[in-house]
């Protein structure tokens, strides 16, 4: 296999040459993911300049975004109430400040326009971003494990305390299982707070199905679509336009709405963690803030295994307290959750938004190589990734990513050639910096053995210390009876198992898992029904019961714990503790006769 010549001597991270946050504009943009200019009939009147995209209005919105505080800074964006002067041509009267109040959300109004006036961006250090990169460096060495998960697509309506807490609770529950089984720290990255760019398709084949779906931004192959016999601009996601056929004219101000919804999410997560949301129960098994009710879990084996882990870990921590070890201190084991970091991530698709939130910040003291060093950080998230369809060597997305100091991900699908992948790493990670790049492989269960070994061989020979992460979701989407999009636990587990086996045989380390999942539970205590199989033995005929995704099918609460147990048991299999009763239901999707009870 052909691989380029390399220099294996590690280098000090250096600033990229001939780069600035807008240099991507000189490159080819794939999939038309720049802000759209929708066509309109030549005889139609000129559209409203506020609602209809124009270069002037978009440029002013981007300018306003550039003046706002970094989303991942220590600044609580939604706590500001300072008026910000907005150009008259953008004064649509929309209130842009979004904040959480209990279980409700205060959204855009129409009476006044308020914006956040942020602190000087240079007064904000990028400590969290650099801390994540350092933790990912440990993942690359096999000293920690990466858990990345969340919704496929975020709606503005997802910005509620209940939904945010459910997502966090599920990630914390899964990380608890992984920590106990693998005996290593878990790095948690949530797909939330700006999951703004995705290539979406309808969950049902029938385009007239009422289950319309959305995303802050999404690429479309066609600029228009026909609805009720009328050609209108395609829905591009909440960053661009609305779902309703009457709300399809692109509105650049939606970029500001996306910012404030993301800010509200980030602020709420920060407040939850600061309040002890991630604390573990004590030995008496008292409930903790992040505990989800388990009464809906139908697999007694799954329920017993999870409760056993919580009890054993709590007992161990209680013992440490008795013998004088501070369980919540810097060196206490409870720091695994009690001082948990939850980092934010999304696919960086719409580059106008991402580049507007890219700032030159001081490099934190523990990461800098010289006094006063500065670097460019994309502050829309701690971690962003390039999609499998936007990773072209000469493309705008690769150009944008190469100049950032953030840790970044690259989706690697079946079409990626080994030599091309090494060239891409050379552009994005020229200094071979541990923790800088996470390769998120997404082949499909039937292609892992064919594609992964060649990629591992090429990357290993190149000397890039990447994190290998398995995405078992995107290559395993299929249509069930009736045209419903679904994924089978059999395929998901198969891809993970194959990746584990291949990495072990080649002397490399599968360092992480990337999942689309949800912790949402309905008022009657039921989980969503979007993927088949698992310990709950969900059959295809049950998918329509609670199919709630506005994008791709997600693992529900039980299925997510199934995957966590599988990985945990793989990590401690050398101790002979694999629970085969739990694993039995993971690789089967059998019809159930109790659909009505579910």
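Residue numbers (the UniProt record's numbering): 1 to 598.
Even glycine gets a Cβ: it sits at the ideal position worked out from N, Cα and C.
Taking the continuous alpha helix (DSSP H) assigned at residue i, which residues delimit it?
i           : result
residue 453 : 448-462
residue 164 : 161-182
residue 561 : 557-571
residue 259 : 254-274
residue 433 : No alpha helix (DSSP H) holds residue 433; DSSP gives it neither H nor E.
residue 355 : 351-356
Contact criterion: CB-CB distance below 8 Å. Does residue i meet it with respect to chain D?
i           : result
residue 448 : The structure shown contains no chain D, having only a single protein chain.
Which residues share a DSSP beta bridge with residue i?
i           : result
residue 488 : 532
residue 137 : According to DSSP, residue 137 bridges with nothing at all.
residue 363 : Beta-bridge pairing links residue 363 to no other residue.
residue 374 : 362
residue 478 : 486
residue 344 : 190
residue 538 : 533
residue 441 : 412 and 470
residue 23  : Answer is none; residue 23 lacks a bridge partner.
residue 527 : 521
residue 28  : 395
Taking 8 Å as the threshold (C-beta atoms), are residue j and residue i in contact?
i           : j           : result
residue 130 : residue 274 : no
residue 382 : residue 351 : no
residue 531 : residue 486 : yes
residue 563 : residue 515 : yes
residue 385 : residue 354 : no
residue 445 : residue 491 : yes
residue 418 : residue 458 : yes
residue 265 : residue 378 : no
residue 436 : residue 407 : yes
residue 499 : residue 470 : yes
residue 188 : residue 375 : no
residue 560 : residue 132 : no
residue 546 : residue 529 : yes
residue 174 : residue 145 : no
residue 177 : residue 309 : yes
residue 67  : residue 361 : no
residue 256 : residue 65  : yes
residue 238 : residue 258 : yes
Note the first and the last residue of the continuous beta strand (DSSP E) segment covering residue i.
i           : result
residue 521 : Where residue 521 is concerned, there is no enclosing beta strand (DSSP E), given that its DSSP letter is neither H nor E.
residue 188 : 186-191
residue 623 : The structure shown does not extend to residue 623, since the chain is modelled only from 1 through 598, so no value can be given for it.
residue 427 : Taken as a continuous stretch (DSSP letters only), residue 427 belongs to no beta strand (DSSP E), being part of the alpha helix (DSSP H) at 418-428.
residue 384 : 383-386
residue 147 : 145-150
residue 231 : 230-233
residue 224 : 224-227
residue 513 : 510-516
residue 410 : 408-412
Exposed or buried, which one is residue i when buried takes at least 16 other CB atoms within 10 Å?
i           : result
residue 441 : buried
residue 363 : buried
residue 17  : exposed
residue 482 : exposed
residue 478 : exposed
residue 261 : buried
residue 356 : buried
residue 28  : exposed
residue 344 : buried
residue 403 : buried
residue 229 : exposed
residue 165 : buried
residue 450 : exposed
residue 135 : buried
residue 434 : buried
residue 542 : buried
residue 143 : exposed
residue 20  : exposed
residue 307 : exposed
residue 231 : exposed
residue 586 : Summary for residue 586: the model assigns pLDDT 49, below 50, so the residue's position carries little reliability, and this model does not support an answer.
residue 504 : exposed
residue 358 : buried
(message) Across the stretch 427-441 and the stretch 403-414, are there enough close Cβ pairs to call them in contact, namely three or more that are closer than 8 Å?
(response) yes
(message) Within 8 Å, do at least three Cβ pairs link the stretch 541-551 to the stretch 502-511?
(response) Judged by Cβ distances under 8 Å, the stretch 502-511 makes no contact with the stretch 541-551, as fewer than three pairs qualify.
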